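S.K.:
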Amino acid sequence: MNHTLHPAHIQHQLEQMRQENLLLRTRLQDILEQAHRNQNIMERHQHFDLKIIGASHFEELISHIFSALAITSELDMVTLILLDARTDLQKMLADLRIDLSSFPHLHFIRHSKELQIHSLPLLKPVLGPYQDLHHARLFRCCHKKPRSVAVIPLLRQNKLIGYLNLGSLQADRFQHSMATDFIERLGSIIAICLENVLNNERLVYIGLTDPLTQVSNRRYVEQRMLEEIARARRQNYSIACMYLDIDYFKNINDQCGHQGGDDVLCEVARRIKAELRLSDTLGRFGGEEFVVLLINTSLHDAALVAERIRRSIASSPFALTDGGQCKTSISIGLTVVGLQENFGDANHVAREMLARADHALYAAKHGGRNRVCYQ
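First residue of the sequence shown? That's 1 in our numbering, and the numbers climb one at a time after it.
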């Protein structure tokens, strides 16, 4: 029997082998390229992890989340929602002079139900197509609507602290069927980093806050004075300083007890703060004395603010914890440091400014109290 293969058949087999070999090479090349891409992606995410883990301040961490994460994960949109039931977090950040308006993709809510997402509170990431009904509020700050989204709950010790929301203009980027292990890991790392920086900020806040009245303490006000004196020089504006002292405070302690005195101190601080801007600084200097710094303010405008404060204190009685009431007033010394006085050593300028406000307060006290005097 003749088993000799026809040359044409041999040629066909060789061509088939060449095609299979070419296909294998192509597949191998694809696998190598995908491995290389995966390696790059892994390196980028490791770099991102190191960035956010190394962040020690709230602003630094939030900046990394909105900028570095979008680049690292090739996302079109990243937003962050934080739960702040009593607005304590926002108040603390505001008191620390953290400008939340510079982060338009960051929002605070008082309860997770405000987001109107089905099955809230979420305990696992939810991936899928964008739906106005469920996702509009998550991405309301974005110029475009995403086509697919990943909503990642941020959990610490089984407690929901917020949501990280990722959006893509690609409809197939996030799908229900996708595994969520990597996204859950991302959420865990960001939740831990958020808790860490917020605890750091709270430590700073506690160290710079009067524990009774919850306004700034003397150390913080003195620090702010130096900062504002330097800024006023750079930006060519005046700053005003008020020294305030509650009138006859010893009588309040004697008649209403120390708890009554504490009640009055807290309410006085609240009424003063209500008349100030976010950029201004209020601090308790000790006892019944407070100091206020008014930024970019003329003597005329500062006097109007001081008079509003004086009227606010004197106009209505103070409710006490024991159910009683008491009335009091406040004396205010006011001074302004203009451009012509703001030169030389900043510490000297701060001491002179405070001394002038103190002298004006002395004049208000000796002029009959419950009044504003200028120097």
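Using N, Cα and C, we set each Cβ at its ideal position, and we do this for glycine too.
If you're wondering where the values come from, they're calculated on a predicted model, not measured in any experiment.
Which runs of the alpha helix (DSSP H) at least 4 residues long sit entirely within the stretch 278 to 347? Give them in chain order.
M.R.: Correct list: 299 to 315.
S.K.: Where does Ile53 land, buried or exposed, given buried means 16+ other C-beta within 10 angstroms?
M.R.: By 1-based counting over the sequence shown, the position of residue 53 is 53. Ile53 is exposed by the Cβ-count criterion.
S.K.: Report back the beta-carbon spacing between Met242 and Gly333 to the nearest angstrom; my notes put them in contact at under 8 Å.
M.R.: What you label residue 242 is simply residue 242 of the sequence shown in a count that begins at 1. What you label residue 333 is simply residue 333 of the sequence shown in a count that begins at 1. With 8 Å as the limit, Met242 and Gly333 qualify as a contact, their Cβ atoms being about 7 Å apart.
S.K.: Can the beta-carbon of His105 be found closer than 7 Å to that of Cys141?
M.R.: Along the sequence shown, one-based indexing puts residue 105 at 105. Along the sequence shown, one-based indexing puts residue 141 at 141. It is a contact, given that the beta carbons lie within the stated cut-off.
S.K.: Looking at Val151: is its Cβ nearer than 7 Å to the Cβ of Phe174?
M.R.: Stepping through the sequence shown from its first residue, residue 151 is reached at position 151. Stepping through the sequence shown from its first residue, residue 174 is reached at position 174. Going by C-beta atoms, Val151 is not nearer than 7 Å to Phe174.
S.K.: Who pairs with Asn165 in a beta bridge, going by DSSP?
M.R.: The residue you call residue 165 lines up with position 165 of the sequence shown. Paired residues: Thr79, Val151.
S.K.: Distance, Cα to Cα, Pro143 vs Pro129?
M.R.: For the purposes of this step, residue 143 is taken as the residue at position 143 of the sequence shown. For the purposes of this step, residue 129 is taken as the residue at position 129 of the sequence shown. Residue identity differs from the one stated: residue 143 is His in this sequence, not Pro. Rounded to the nearest angstrom, the two C-alpha atoms are 18 Å apart.
S.K.: In angstroms, rounded to a whole number, what distance separates the CA positions of Leu282 and Ser101?
M.R.: Here the question's residue 282 lines up with position 282 in the sequence shown. Here the question's residue 101 lines up with position 101 in the sequence shown. Each residue's Cα considered, the two are about 21 Å apart.
S.K.: Specify, as a first and last residue, the run of the alpha helix (DSSP H) that Val268 falls within.
M.R.: Taking the sequence shown and counting its residues from 1, the one referred to as residue 268 is at position 268. Segment 249 to 274, the alpha helix (DSSP H) holding Val268.
S.K.: Run through the DSSP bridge pairs and tell me what Leu244 is partnered with.
M.R.: Within the sequence shown, numbered from 1, the residue matching residue 244 stands at position 244. DSSP, once it has assigned bridges, lists Phe290, Ile332 as partnering Leu244.
S.K.: For a test of the three-state rule: what should DSSP assign to Arg379, helix, strand or coil?
M.R.: The shown model of the chain, from 1 to 375, leaves out residue 379, and the question about it has no answer.
S.K.: Using DSSP's beta-bridge definition, name the partner residues of Leu128.
M.R.: As a position in the sequence shown, residue 128 is number 128, starting the count at 1. The amino acid occupying residue 128 in the given sequence is Gly; Leu does not appear at that position. Note: Gly128 sits in a beta bridge opposite Val149.
S.K.: Does the count of Cβ pairs from the stretch 236 to 255 and the stretch 289 to 301 closer than 8 Å reach three?
M.R.: Touching, per the Cβ criterion.
S.K.: Just how far apart, CA to CA, sit Tyr248 and Asn200?
M.R.: In the sequence shown, residue 248 corresponds to position 248, counting from 1. In the sequence shown, residue 200 corresponds to position 200, counting from 1. Near 39 Å, if we compare the C-alpha coordinates of Asn200 and Tyr248.
S.K.: Put Ser56 into one of helix, strand or coil per three-state DSSP.
M.R.: Walking along the sequence shown from the start, residue 56 turns up at place 56. Three-state result, Ser56: coil.
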